[in-house]
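Please read the structure below before turning to the comments.
Residue numbers (the numbering used here), protein chains in the order written: chain R, 173 to 284; chain S, 4 to 114.
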């Protein structure tokens with residue numbers, strides 16, 4: 173595809189439920205990033221993949237958050253036992269050979 | 004982590020040149036300076052990136068002084084559609100947590 177795509181665009185869930193958010197990076201991009209953005213704030217780094225492995229997961233807020241990228245392309249961000257404070261826009265970005273990250277449109281997660 | 008400081012908001016009128024300055028006093032030797040633009044309900048969009056001196060593309064110019072402790076994004080002849088939040092970031096080749104977004108500058112372009 174031409175850009176980074178994320179699905180779903182919107183996700184509404186109930187407190188305590190499990191959710192998965194998907195990111196399809198730009199074809200050929202080896203680096204993939206997840207960010208979380210709350211209203212009125214800049215994106216907050218969560219995790220960075222280089223290929224299949226998590227090169228830096230220091231931004232994950234707690235062990236309820238987990239991300240995978242098993243084949244070095246598509247990535248899934250998984251959130252267990254969701255809490256109302258997890259409500260935010262989750263952004264994915266990918267990077268190829270340059271130093272530029274290209275962002276997707278985000279998934280808006282609402283935890284009721 | 005290289006922290007950036009930029010004005011929270013700016014107002015301008017259509018057709019004017021807008022300059023947004025960002026301070027990054029503790030920038031590291033291998034850090035690049037990157038600016039992103041974000042519209043509501045969209046992901047950030049890359050505008051321009053530079054390491055030193057001046058960089059220009061079809062959208063903007065980026066001015067970086069010799070000490071690299073600040074940078075200025077210049078948007079020529081802004082239009083209403085340039086109303087957005089602009090983020091200045093510094094980061095090296097192994098981004099990760101080093102790629103830190105601040106609150107950005109909310110630019111409002113008025114008719």
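Just so it is clear, CB atoms sit at the ideal spot from N, CA and C, and this is done for glycine as well.
Item checked: Inter-stretch contact (C-beta, 8 Å, three-pair minimum) for the segment 63-78 of chain S and the segment 257-266 of chain R -> Taking one beta carbon from each stretch, the segment 63-78 of chain S and the segment 257-266 of chain R have fewer than 3 pairs nearer than 8 Å; the two do not touch.
Item checked: 8 Å Cβ cutoff met for residue 231/R and residue 46/S -> In the first chain, the residue the question calls residue 231/R occupies position 59. In the second chain, the residue the question calls residue 46/S occupies position 43. No, they are not a contact pair.
Check: Using the C-alpha atoms, what's the distance from residue 20/S back to residue 114/S?
Finding: Within the second chain, residue 114/S is the residue found at index 111, counting from 1. Within the second chain, residue 20/S is the residue found at index 17, counting from 1. For residue 114/S and residue 20/S, the distance between alpha carbons rounds to 14 Å.
Next item on the list: Would you decide whether residue 247/R is buried or exposed? Buried here means 16 or more other CB atoms lie within 10 Å of its CB.
Entry: Position 75 of the first chain, counted from the first residue, corresponds to residue 247/R. Burial call: buried.
Next item on the list: Tell me where the beta strand (DSSP E) around residue 14/S begins and ends.
Entry: Taking the second chain and counting its residues from 1, one reaches residue 14/S at position 11. Here the beta strand (DSSP E) through residue 14/S covers 12-16.
Note to self: What does the alpha-carbon distance come out to for the pair residue 284/R and residue 214/R?
What the structure shows: Taking the first chain and counting its residues from 1, the one referred to as residue 284/R is at position 112. Taking the first chain and counting its residues from 1, the one referred to as residue 214/R is at position 42. Distance between the alpha carbons of residue 284/R and residue 214/R is about 23 Å.
Next item on the list: With residue 41/S as the anchor, note down where its beta strand (DSSP E) starts and where it stops.
Entry: Here residue 41/S is taken as the residue at index 38 of the second chain, counted from 1. Following the DSSP letters along the chain, one finds residue 41/S inside the beta strand (DSSP E) bounded by residues 35-41.
Check: At a cut of 8 Å, does the segment 185-193 of chain R reach the segment 62-76 of chain S through at least three beta carbon pairs?
Finding: Touching, no, given that fewer than three Cβ pairs across the two stretches are closer than 8 Å.
Notebook entry, point to check: Going along chain S, which residues have a C-beta under 8 Å from residue 276/R?
Noted result: Counting from 1 along the first chain, the entry for residue 276/R is found at position 104. Close partners of residue 276/R in chain S (Cβ separation under 8 Å): 46.
Next item on the list: Going by DSSP, name the residue or residues bridged to residue 65/S.
Entry: As a first step, residue 65/S is located in the second chain; it is residue number 62 there, counting from the start. In DSSP, residue 65/S forms a bridge with 58/S, 76/S.
Checklist line | Candidates 71/S, 49/S, 48/S, 44/S: closest to residue 57/S by CA position | finding: Here the question's residue 57/S lines up with position 54 in the second chain. Nearest of 71/S, 49/S, 48/S, 44/S to residue 57/S, Cα basis: 71/S.
Check: When the Cα of residue 196/R is compared with those of 228/R, 282/R, 276/R, 181/R, which residue comes out closest?
Finding: Taking the first residue of the first chain as 1, we reach residue 196/R at position 24. Minimum Cα distance to residue 196/R is reached at 276/R.
Next item on the list: Note down the Cα distance separating residue 61/S from residue 6/S, rounded to an integer number of angstroms.
Entry: Here the question's residue 61/S lines up with position 58 in the second chain. Here the question's residue 6/S lines up with position 3 in the second chain. Spanning the two alpha carbons is a distance of roughly 28 Å.
Item checked: Exposure label - residue 252/R; buried when at least 16 CB within 10 Å -> Numbered from its first residue, the first chain carries residue 252/R at position 80. Counting every other CB atom within 10 Å of its CB across the protein chains shown gives residue 252/R a total below 16, marking it as exposed.
Next item on the list: Give the residues of chain R in contact with residue 90/S, contact being defined as C-beta atoms less than 9 Å apart.
Entry: For the purposes of this step, residue 90/S is identified with residue 87 of the second chain, where counting begins at 1. Under the 9 Å cutoff, chain R gives 214, 215.
Checklist line | Under 9 Å from the C-beta of residue 43/S: neighbouring residues of chain R | finding: Looking up residue 43/S in the second chain gives position 40. Here the premise fails: no neighbours, minimum Cβ distance about 10 Å.
Item checked: Inter-residue CB distance, residue 49/S and residue 87/S (contact presumed, cutoff 8 Å) -> Residue 49/S sits at position 46 when you count from the first residue of the second chain. Residue 87/S sits at position 84 when you count from the first residue of the second chain. Going by Cβ atoms, the distance from residue 49/S to residue 87/S rounds to 13 Å, so no, they are not a contact pair.
Checklist line | Residue interval of the beta strand (DSSP E) (run including residue 23/S) | finding: By 1-based counting over the second chain, the position of residue 23/S is 20. In the DSSP assignment, residue 23/S falls within the beta strand (DSSP E) that extends over 21-26.
Next item on the list: For my contact list, residue 206/R and residue 219/R are in at a C-beta cut-off of 8 Å; report their separation, rounded to the angstrom.
Entry: Indexing the first chain from 1 puts residue 206/R at position 34. Indexing the first chain from 1 puts residue 219/R at position 47. Going by Cβ atoms, the distance from residue 206/R to residue 219/R rounds to 5 Å, so yes, they are a contact pair.
Note to self: So residue 232/R contacts chain S; which residues on that side make the cut at Cβ distance below 8 Å?
What the structure shows: Taking the first residue of the first chain as 1, we reach residue 232/R at position 60. In chain order: nothing, as chain S lies at least about 11 Å away.
Notebook entry, point to check: DSSP three-state call for residue 228/R: helix, strand or coil?
Noted result: Stepping through the first chain from its first residue, residue 228/R is reached at position 56. Three-state DSSP puts residue 228/R in a strand.
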